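A.B. asks: Structure in structure tokens, see below.
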DNA sequence: CTTTTTGATAAAAACGTTTTTATTGACTCT
DNA sequence: AGAGTCAATAAAAACGTTTTTATCAAAAAG
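Residue numbers (full-length UniProt numbering), protein chains in the order written: chain A, 1 to 339; chain B, 1 to 339.
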């Protein structure tokens with residue numbers, strides 16, 4: 001029992017192929033009886049159009065592709081969740097391609113499996129690939145990089161601004177000696193957050209001190225060790241506050257402080273970035289800066305669809321972070337001595 | 001500048017279409033020079049085959065589809081992560097379709113966008129749809145239901161066994177009066193866990209008491225209220241241990257116990273199911289039963305690919321849970337009086 | 001020296017659609 | 001009454017591939 005095609009329906013209904021196609025696609029040229037008859041036959045045979053044939057001919061799929069190297073972690077599922085909701089709303093399907101093989105990515109994009117693409121992937125797609133996509137008039141929105149390159153869209157978080165705002169918040173609590181725990185220096189977001197931190201210090205004319213910039217690599221353990229070794233070496237110069245490159249790092253920092261007998265936030269304020277799921281449950285609950293992930297997903301789909309409909313040119317957008325104040329930060333108090 | 005097709009490559013290289021196709025697909029009938037020449041031309045023109053044309057003709061896509069109504073939460077991303085890794089390993093691509101529209105799901109499945117499908121969706125696909133898929137020889141693996149129906153695969157967690165093992169563990173700690181906090185009685189997993197719990201009680205000849213079965217609806221608040229009202233009504237008959245339908249519920253239970261001055265685990269043991277991300281960070285860290293999500297994903301892909309290659313018939317598999325002992329459970333102690 | 005075989009390439013058919021164009025027969029004009 | 005419109009349907013072309021079949025010259029076989 002082979003797959004039922006439009007041909008089978010035509011034969012069974014005693015009409016031509018084109019008539020069946022018209023009936024199925026609701027083109028209004030057929031007599032109501034013929035149409036009804038054909039639909040009934042199609043139903044009876046359980047006919048389902050072959051999407052590849054359909055797509056090959058019509059060139060449009062009503063499908064958007066999301067290309068990513070990973071879906072691990074809350075960032076991705078929040079993103080996918082919001083994108084798929086918005087797709088539903090706009091009458092598109094969402095198709096997530098998880099692969100690390102650039103070849104696969106490019107051939108799916110250029111091979112027209114989807115009407116437009118959202119791209120998030122750390123490695124791989126370079127200027128040349130983007131040029132190829134532009135040449136083919138592929139509509140794309142990037143989530144992980146700024147594109148000066150016109151024609152393509154991008155929606156990224158303003159990490160610089162987040163770093164800046166976080167630092168300003170700590171300053172507003174009365175803290176003057178604010179340390180920064182750096183993430184990975186090759187990552188764009190990481191660097192931007194630090195830049196924002198430095199800018200805020202400069203703006204408030206607080207000294208930028210070399211030893212106040214620690215290296216935590218976005219990991220709990222590394223940060224724990226880095227902070228501990230700082231406290232060992234400079235017991236007399238403990239910062240008022242630590243701004244960690246992300247929440248994981250903030251957690252390591254808090255552990256290290258606790259192990260040296262400092263109370264957070266009474267003795268030292270600590271904050272991170274990302275507002276990961278466990279942040280509100282941590283002890284103390286973490287003050288952090290949250291990225292509006294759902295908004296990013298929603299805007300990406302919106303923008304892409306408008307690009308596809310030629311209502312909008314690709315453009316770059318930046319999203320502001322959202323300060324979330326919880327228990328790990330506190331106005332500056334006179335610190336009790338180290339136990 | 002329209003899309004480059006195989007025709008353009010043929011014209012440019014001065015050969016026929018079929019020759020180009022042979023060159024590109026490495027069919028070994030061409031002279032090395034011709035082949036090299038064609039490949040060079042294709043490269044120069046940035047030719048990328050149209051996947052729809054290709055697929056339409058050859059009928060195979062080397063793509064697997066994962067159909068789901070949601071990707072929210074850790075379960076899904078762990079699942080997708082493991083599936084995509086296994087796909088990579090086996091030379092397939094993974095394609096996640098997120099939609100609540102059954103129509104979309106069915107037309108993508110039957111419309112041959114993918115070589116095989118993994119299905120997880122709570123509502124929608126019924127016996128009739130499955131019959132249609134079988135008729136079309138679609139290869140499918142279900143993750144959310146047992147399929148007695150031969151021909152299709154399914155890989156589910158053995159929730160009955162998990163409930164049984166969890167209860168046995170609590171009994172092994174010396175607990176005799178074990179309460180169960182039920183989830184949602186329409187959900188398969190929820191019911192199965194409770195059945196396992198009851199079976200263990202029966203096996204050890206412990207009395208099954210009506211009041212010991214509370215209703216928590218898998219929510220923190222509902223459970224909190226349910227447990228609290230139990231403690232208010234039966235202050236003299238506090239269980240030795242609570243087995244909550246999931247970790248969220250366990251958290252609510254612990255809060256309620258604390259509010260009545262009971263210490264967990266010294267006074268009462270509490271455990272849940274799922275091992276959610278915050279379980280190890282909770283206070284106390286939760287004892288729970290973990291489902292092997294990554295294993296489920298891996299097995300699903302494996303099974304599906306073997307079905308596609310006709311090496312295996314669809315079959316049902318069950319995965320055992322994994323007991324994770326943390327701080328919320330303890331051997332039975334003589335309980336101090338209520339404060 | 002003709003007939004076969006072989007090797008390399010080209011032509012044509014096929015996949016399942018949609019879309020464009022053609023073909024009817026019935027109706028409406030003047 | 002003949003030409004022109006119209007409604008309904010059919011036929012054919014097209015989408016971009018792969019695959020099957022055909023072509024044709026050169027080499028091998030007799």
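Even for Gly, the Cβ is constructed at its ideal location relative to N, Cα and C. From a predicted model like this one, the values you see are computed outputs, not experimental measurements.
1. Just reading off the alpha helix (DSSP H) that residue 223 (chain A) is part of, what are its end residues?
2. Please report the straight-line C-alpha distance between residue 262 (chain A) and residue 224 (chain A), rounded to a whole angstrom.
3. Give a yes or no on whether the minimum CB-CB distance between residue 259 (chain B) and chain A is below 8 Å.
4. Determine, using beta carbons only, whether residue 196 (chain A) and residue 172 (chain A) come nearer to each other than 8 Å.
5. Mapping DSSP to helix, strand and coil, what is residue 95 (chain B)?
6. Measuring only between beta-carbons, confirm whether residue 82 (chain B) sits less than 8 Å from chain A.
7. At a CB-CB cut-off below 9 Å, which residues of chain B make contact with residue 132 (chain A)?
8. Could you work out which residue in B:155, B:205, B:89 is closest to residue 118 (chain B) when comparing CA atoms only?
9. Strictly below 9 Å CB to CB, what residues from chain B border residue 324 (chain A)?
10. Do residue 64 (chain B) and residue 301 (chain B) count as a contact pair if the criterion is CB distance below 8 Å?
11. Give the DSSP bridge partners of residue 205 (chain A), in chain order.
12. Give the straight-line distance between the Cα atoms of residue 139 (chain B) and residue 106 (chain B), rounded to the nearest whole angstrom.
13. Select from the stretch 99-116 of chain B all residues with a C-beta closer than 8 Å to any C-beta belonging to chain A, and list them in chain order.
14. Using a Cβ-Cβ cutoff of 7 Å, what residues of the stretch 85-97 of chain A are near chain B? List them in chain order.
15. State the Cα-Cα distance for the pair residue 9 (chain B) and residue 16 (chain B), rounded to the nearest angstrom.
16. Can you give the Cα-Cα distance for residue 167 (chain B) and residue 217 (chain B), rounded to whole angstroms?
17. Can you tell me whether DSSP reads residue 252 (chain A) as helix, strand or coil?
18. How is the beta strand (DSSP E) around residue 323 (chain B) delimited, first residue to last?
19. Can you confirm whether residue 311 (chain A), when its beta carbon is compared against all beta carbons of chain B, has any partner nearer than 8 Å?
20. What residue range is occupied by the uninterrupted beta strand (DSSP E) comprising residue 271 (chain B)?
21. Residue 339 (chain B) CB to nearest chain A CB: under 8 Å?
22. If you count every other CB in all the chains shown that lies within 10 Å of the CB of residue 95 (chain B), and 16 or more means buried, which is it?
23. Spell out whether any CB of chain A is found under 8 Å from the CB atom of residue 118 (chain B).
24. Once the 5 residues before and after residue 324 (chain A) are set aside, which same chain residues still bring their CB inside 6 Å of it?
25. Just by C-beta distance, which residues in the stretch 218-250 of chain B are closer than 8 Å to chain A?
26. Among B:244, B:266, B:86, B:72, which one has its Cα closest to the Cα of residue 121 (chain B)?
27. Secondary structure at residue 295 (chain B), three-state DSSP: helix, strand or coil?
28. What residue from A:14, A:58, A:44 has the CA that sits closest to residue 25 (chain A)'s CA?
29. Along chain B, which residues have their Cβ under 8 Å away from the Cβ of residue 39 (chain A)?
30. Less than 8 Å between the beta carbons of residue 83 (chain B) and residue 109 (chain B), yes or no?
31. Is it buried or exposed for residue 351 (chain A), if we count other Cβ within 10 angstroms and need 16 for buried?
32. Do residue 27 (chain B) and residue 68 (chain B) count as a contact pair if the criterion is CB distance below 8 Å?
33. Distance check for residue 101 (chain B) and residue 188 (chain B), CA to CA, integer angstroms please.
34. Strictly below 7 Å CB to CB, what residues from chain A border residue 139 (chain B)?
35. Hey, how far is the Cα of residue 306 (chain A) from the Cα of residue 221 (chain A)?
36. Please report whether the beta-carbon of residue 55 (chain A) lies at a distance below 8 Å from any beta-carbon of chain B.
C.D. replies: If we stick to the structure as given:
1. For residue 223 (chain A), the enclosing alpha helix (DSSP H) covers residues 220-233.
2. Residue 262 (chain A) and residue 224 (chain A): Cα-Cα distance of roughly 14 Å.
3. Closer than 8 Å: no.
4. The Cβ-Cβ distance between residue 196 (chain A) and residue 172 (chain A) does not fall below 8 Å.
5. Three-state DSSP puts residue 95 (chain B) in a strand.
6. Not one chain A Cβ lies under 8 Å of residue 82 (chain B).
7. For residue 132 (chain A), the C-beta contacts it makes with chain B under 9 Å involve 46, 48, in order along the chain.
8. Distance check between residue 118 (chain B) and each of B:155, B:205, B:89 places B:155 closest, using alpha-carbon atoms only.
9. Per Cβ cutoff of 9 Å: no residues; residue 324 (chain A) is ~17 Å from chain B at best.
10. Taking C-beta atoms as the reference points, residue 301 (chain B) and residue 64 (chain B) count as a pair closer than 8 Å.
11. The partner list for residue 205 (chain A) (beta bridge, DSSP) is empty, contrary to what the question assumes.
12. Looking at the backbone, the Cα of residue 139 (chain B) and that of residue 106 (chain B) are separated by about 13 Å.
13. Residues of the stretch 99-116 of chain B that bring their beta carbon within less than 8 Å of a beta carbon in chain A comprise 99, 100, 101, 104, 106, 107, 108, 110, 111, 112, 113, in sequence order.
14. Taken in chain order, the members of the stretch 85-97 of chain A whose beta-carbon sits within less than 7 Å of a beta-carbon on chain B are 88, 93, 94, 95, 96, 97.
15. Looking at the two C-alpha atoms, the distance is approximately 9 Å.
16. Whole-angstrom Cα-Cα distance: 19 Å.
17. If DSSP states are grouped into helix, strand and coil, residue 252 (chain A) belongs with the helices.
18. Taken as a continuous stretch (DSSP letters only), the beta strand (DSSP E) holding residue 323 (chain B) covers 322-324.
19. Residue contact check for residue 311 (chain A) against chain B: no CB pair falls below 8 Å.
20. Looking at the DSSP string, the run of the beta strand (DSSP E) that includes residue 271 (chain B) is 269-273.
21. Low per-residue confidence applies at residue 339 (chain B): pLDDT is 46, beneath 50, and the placement is therefore not dependable, though the value from the model is reported in the following sentence. No, no contact with chain A.
22. Residue 95 (chain B) is buried by the Cβ-count criterion.
23. No, residue 118 (chain B) lies away from the interface with chain A (no Cβ there is under 8 Å from its Cβ).
24. Annotation for residue 324 (chain A): 275, 288, 290 place their beta carbon closer than 6 Å to its own, counting only its chain and skipping 5 residues before and after.
25. Listed by position, the residues of the stretch 218-250 of chain B near chain A (Cβ gap below 8 Å) amount to none.
26. Answer by Cα proximity: B:72.
27. Residue state for residue 295 (chain B) is assigned as helix, using DSSP reduced to three classes.
28. Its Cα nearest to that of residue 25 (chain A), the residue A:58 stands out among A:14, A:58, A:44.
29. The contacting residues do not exist; residue 39 (chain A) stays about 15 Å from chain B at best.
30. Residue 109 (chain B) sits away from residue 83 (chain B), with the two beta carbons spaced by 8 Å or more.
31. Residue coverage of chain A in this structure runs from 1 to 339, which leaves residue 351 (chain A) outside it and unanswerable.
32. Not in contact: residue 68 (chain B) and residue 27 (chain B) (Cβ atoms no closer than 8 Å).
33. Taking the straight line from one Cα to the other gives about 22 Å.
34. Ordered by position in chain A, no residue passes the 7 Å Cβ test against residue 139 (chain B), which lies about 14 Å from the chain.
35. Going by C-alpha positions, residue 306 (chain A) is about 45 Å away from residue 221 (chain A).
36. Yes - at least one Cβ of chain B is within 8 Å of the one on residue 55 (chain A).
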